[in-house]
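J.: Numbering (our numbering), first residue to last: 1481 to 1576.
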């Protein structure tokens, strides 16, 4: 266990809970479906583009996979810096 005080322990716990919530499979699916519908109904007809910001690189990859279920794959791309220790999921997408 980390040698930190109770307030810091609570902050770490809150951070982990929030991160797990934001990367939950069902939540990502619902958000991706909503974003895809909003984009095709409101953004694309005006000729605009959009971007999504996620909590970390893994979440970026998870959202990309989820969006691809609702939009053509070429409608979105993942942009993050990779490294040699990346998981298989993170290595799925080309690095800039």
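Note that the Cβ used here is the ideal one computed from N, Cα and C, for glycine as well. On a predicted model such as this, the values are computed, not experimentally measured, just so you know.
(1) Within a Cβ cutoff of 8 Å, which residues of the same chain sit near residue 1548, ignoring the five residues on either side of it in sequence?
(2) Quick check on residue 1520: does DSSP put it in helix, strand or coil?
(3) Suppose contacts are defined by Cβ-Cβ distances below 8 Å. Is residue 1558 in contact with residue 1540 by that definition?
(4) Among residues of its own chain, excluding the 5 on either side of residue 1534, which ones have a beta-carbon nearer than 7 Å to its beta-carbon?
(5) Of the choices 1493, 1537, 1551, whose alpha-carbon is the least far from that of residue 1518?
(6) In angstroms with no decimal places, state the Cα-to-Cα distance between residue 1496 and residue 1502.
T.: Looking at the atomic coordinates:
(1) 1556
(2) helix
(3) Yes; because the gap between Cβ atoms is below 8 Å, this pair is in contact.
(4) 1540, 1543
(5) 1551
(6) 10 Å
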